[in-house]
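Sequence order for the protein chains is C and D. 4 is the number of the first residue of the first sequence in our numbering; add one for each residue after it. 2 is the number of the first residue of the second sequence in our numbering; add one for each residue after it. Positions of the beta carbon are idealized from the N, C-alpha and C atoms, including for glycine. Predicted, not measured: the structure shown is a model, and the values here were computed from it.
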Amino acid sequence: MILTLARPVVTFVVLIGAWWAATRLASIPFYLLPQPPAVLHALWQQRVLLASATLTTFSEMALGLVIGTILGSLCALAMAFSPRLQRWIMPLLLLSQAIPAFALAPLLVLWFGFGMASKVVMATIVIFFPVAAAFSDGLRHTDPGWMDLAHTMEASPGAILRHVRLPAAMPAFGSGLRVATAIAPIGAIVGEWVGASAGLGYVMLNANARIQTDVMFAALFVLALMTVLIWTVVDRVLRHILYWAPDSNGAAR
Amino acid sequence: MTDNDARTHRPAPGQVDLPGLRISGLSLQYGSRAIFTDLDLTVQGGEFVVLLGTSGVGKSSLLKIVAGLTRASTGTVTASDGRPLAGRIAYMGQQDLLYPWLTVIENVMLGARLRGERQEPDRARHLLGRVSLHERAKALPSELSGGMRQRVAIARTLYESHPFVLMDEPFSALDTFTRAQVQDLTAELLQDHTVLLITHDPLEACRIGHRLVVLSGHPARLGEPIHVPGPTPRAPDDDALLHIQGHLMRILMEGHRA
Numbered sequence: 004m005i006l007t008l009a010r011p012v013v014t015f016v017v018l019i020g021a022w023w024a025a026t027r028l029a030s031i032p033f034y035l036l037p038q039p040p041a042v043l044h045a046l047w048q049q050r051v052l053l054a055s056a057t058l059t060t061f062s063e064m065a066l067g068l069v070i071g072t073i074l075g076s077l078c079a080l081a082m083a084f085s086p087r088l089q090r091w092i093m094p095l096l097l098l099s100q101a102i103p104a105f106a107l108a109p110l111l112v113l114w115f116g117f118g119m120a121s122k123v124v125m126a127t128i129v130i131f132f133p134v135a136a137a138f139s140d141g142l143r144h145t146d147p148g149w150m151d152l153a154h155t156m157e158a159s160p161g162a163i164l165r166h167v168r169l170p171a172a173m174p175a176f177g178s179g180l181r182v183a184t185a186i187a188p189i190g191a192i193v194g195e196w197v198g199a200s201a202g203l204g205y206v207m208l209n210a211n212a213r214i215q216t217d218v219m220f221a222a223l224f225v226l227a228l229m230t231v232l233i234w235t236v237v238d239r240v241l242r243h244i245l246y247w248a249p250d251s252n253g254a255a256r
Numbered sequence: 002m003t004d005n006d007a008r009t010h011r012p013a014p015g016q017v018d019l020p021g022l023r024i025s026g027l028s029l030q031y032g033s034r035a036i037f038t039d040l041d042l043t044v045q046g047g048e049f050v051v052l053l054g055t056s057g058v059g060k061s062s063l064l065k066i067v068a069g070l071t072r073a074s075t076g077t078v079t080a081s082d083g084r085p086l087a088g089r090i091a092y093m094g095q096q097d098l099l100y101p102w103l104t105v106i107e108n109v110m111l112g113a114r115l116r117g118e119r120q121e122p123d124r125a126r127h128l129l130g131r132v133s134l135h136e137r138a139k140a141l142p143s144e145l146s147g148g149m150r151q152r153v154a155i156a157r158t159l160y161e162s163h164p165f166v167l168m169d170e171p172f173s174a175l176d177t178f179t180r181a182q183v184q185d186l187t188a189e190l191l192q193d194h195t196v197l198l199i200t201h202d203p204l205e206a207c208r209i210g211h212r213l214v215v216l217s218g219h220p221a222r223l224g225e226p227i228h229v230p231g232p233t234p235r236a237p238d239d240d241a242l243l244h245i246q247g248h249l250m251r252i253l254m255e256g257h258r259a
């Protein structure tokens, strides 16, 4: 238990130490790679700006995560319920992945404006696919033995979906959601880069233009911290739902 | 097979009302390949029939057809009382098939859950008591050993209270000693059922079957039924059992070579 907590702390300290040593020893200029204390200073100085930007980006990510997960799950369920629907939807899903989400960003900003809406849509699109793909995969590959047993017990297709295929697909859904959570910032940040007036991506873009590399690093740090926190919460919730799957694929204990 | 073969089996007391199972003219064809052709087999009410065969001979397919999970190319499976088989069969597969997200007692009552019927926890607990797992009712399947899981599967089968029980190599994943224990329990608890069990293990067949039939060849055919004397479960060192086990082993090996 103590080791579990200590491991990330040790990793973090070693990384920061290496960074510090590199900037000191190789005397890298400030505008390329600021020293850790400078970043810490920027974190404190810009705390109000960073806090409000974090709130914006967090809202975009969280909304995208919720909406993307709901839509992805509904899509997977619809495909599980009707194989005919699956034959229509699946090619569309794959096609949608052929277009990089980044390429869509300018269009989304044009359609949904500079506000949060375009970033939420962007995050939703990024999150939708891994959830839909993993969940529908899980729903389609139920242990044939479990299905046989349910059939001999005269279960209706609805009961089989609810009591057998759905719970059996939860581990797959969990891994899809974990992947989606890890990539959720991509959607929000790319959206903010293309056009925004708030958010961590906007702060980074501004700082970059003014060669405030320390502020950029501070924003990056906050973003990473936030993503790890959201991931941890999602992971905890999934572990709770998947109480029965002892080695559910997630972080090592 | 004629009714002569079946008559030699002595019906145990209290089993007169149990319906029997009749398989007639059953064939299964995959494309141009015949798995088995024209199988006839009668299982008397309350009889425990073991079907022996090497792997790949089509015995699992046969059981799935009887269970209504697969369609036969030709032939019929009927109950001796004329009523349909569907909804009166309890099925035990090659694994215990416990649902890992349900507790032990919920797994026992699985049939009621799937049919949307009212669950009867008292009856489930009583059945768990009969397989000596009364205290593990709230446990998850992953917390149990292989033998315990198989006993839960037996309790789940009994909970269905159907006259017919089909078993597809249910104990093949267990170690020899645990398997013997579960076989004893099966023979004891399934007395009031019409059972068709398939296995590749001659010892298992000899220990718990009233009547043994060998399925062998390509396409597969049923051999002459073999009767093992004495009540089940039989001791593994019983002379008659050992003799028949050796005999079965020889038939299986010859059939496999052919």
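DSSP-derived helix/strand/coil call for residue i
i: residue 204 of chain D; result: helix
i: residue 38 of chain D; result: strand
i: residue 247 of chain D; result: helix
i: residue 31 of chain D; result: strand
i: residue 129 of chain C; result: helix
i: residue 31 of chain C; result: coil
i: residue 251 of chain C; result: Reliability fails at residue 251 of chain C, whose pLDDT of 47 lies under 50, so the model's placement of it is uncertain and the value that follows must be treated cautiously. DSSP places residue 251 of chain C in coil when its eight states are reduced to three.
i: residue 172 of chain D; result: coil
i: residue 105 of chain C; result: helix
i: residue 156 of chain C; result: coil
i: residue 6 of chain C; result: helix
i: residue 206 of chain C; result: helix
i: residue 91 of chain D; result: strand
i: residue 19 of chain D; result: coil
i: residue 73 of chain D; result: coil
i: residue 222 of chain D; result: strand
i: residue 139 of chain C; result: helix
i: residue 17 of chain C; result: helix
i: residue 117 of chain C; result: coil
i: residue 152 of chain D; result: helix
Same chain, Cβ closer than 7 Å to residue i, neighbours up to 5 away in sequence not counted
i: residue 57 of chain C; result: 203, 225, 229
i: residue 79 of chain C; result: 135, 138, 139, 142
i: residue 221 of chain C; result: 42, 45, 46, 49, 53
i: residue 62 of chain D; result: 29, 36, 71
i: residue 246 of chain D; result: 203, 204, 207
i: residue 58 of chain D; result: 216, 217, 221
Interface flag, residue i vs chain C, CB-CB below 8 Å
i: residue 137 of chain D; result: no
i: residue 252 of chain D; result: no
i: residue 94 of chain D; result: yes
i: residue 90 of chain D; result: yes
Neighbour list for residue i in chain D, Cβ cutoff strictly below 7 Å
i: residue 217 of chain C; result: Simply none; closest approach about 50 Å.
Closer than 8 Å to chain D by CB, residue i
i: residue 160 of chain C; result: no
i: residue 248 of chain C; result: yes
i: residue 243 of chain C; result: no
i: residue 166 of chain C; result: yes
Within chain C, the residues that residue i reaches when beta carbons sit closer than 8 Å
i: residue 101 of chain D; result: 247, 248
Partners in chain C for residue i, counting only beta-carbon separations shorter than 9 Å
i: residue 98 of chain D; result: 146, 148, 149, 151, 152
Residues near residue i by beta carbon distance below 8 Å, same chain, minus five either side
i: residue 76 of chain C; result: 134, 135, 138, 176
i: residue 104 of chain C; result: 125, 128, 129, 189, 190, 193
i: residue 1 of chain D; result: An answer regarding residue 1 of chain D cannot be provided, because it is not within the stretch 2 to 259 covered by chain D.
Any chain A beta carbon closer than 8 Å to residue i
i: residue 143 of chain D; result: Absent from the structure: chain A. Protein chains present are C and D.
Residues near residue i in its chain [Cβ-Cβ closer than 6 Å; skip 5 each side]
i: residue 59 of chain C; result: 201, 202
i: residue 66 of chain D; result: 73
i: residue 252 of chain D; result: 215
Within chain C, the residues that residue i reaches when beta carbons sit closer than 7 Å
i: residue 64 of chain D; result: The contacting residues do not exist; residue 64 of chain D stays about 10 Å from chain C at best.
Where the stretch 137-156 of chain C meets chain D: residues whose CB sits under 7 Å from a CB there: 148, 149, 151, 152, 153, 154, 155, 156
Scan the stretch 220-248 of chain D for residues whose Cβ lies nearer than 7 Å to a Cβ of chain C and list them as they occur along the chain. none
What are the residues in the stretch 107-118 of chain D lying within 8 Å of chain C by C-beta distance? 111, 112, 114, 115, 116, 117
Tell me which residues of the stretch 193-224 of chain D have at least one Cβ-Cβ distance to chain C shorter than 9 Å, keeping chain order. none
Relative to chain C, which residues along the stretch 46-70 of chain D have a C-beta separation below 8 Å, given in chain order? Shown in chain order are the members of the stretch 46-70 of chain D whose Cβ falls below 8 Å from a Cβ of chain C: 65, 68, 69, 70.
Any C-beta of chain D within less than 7 Å: which residues of the stretch 170-184 of chain C qualify? 170
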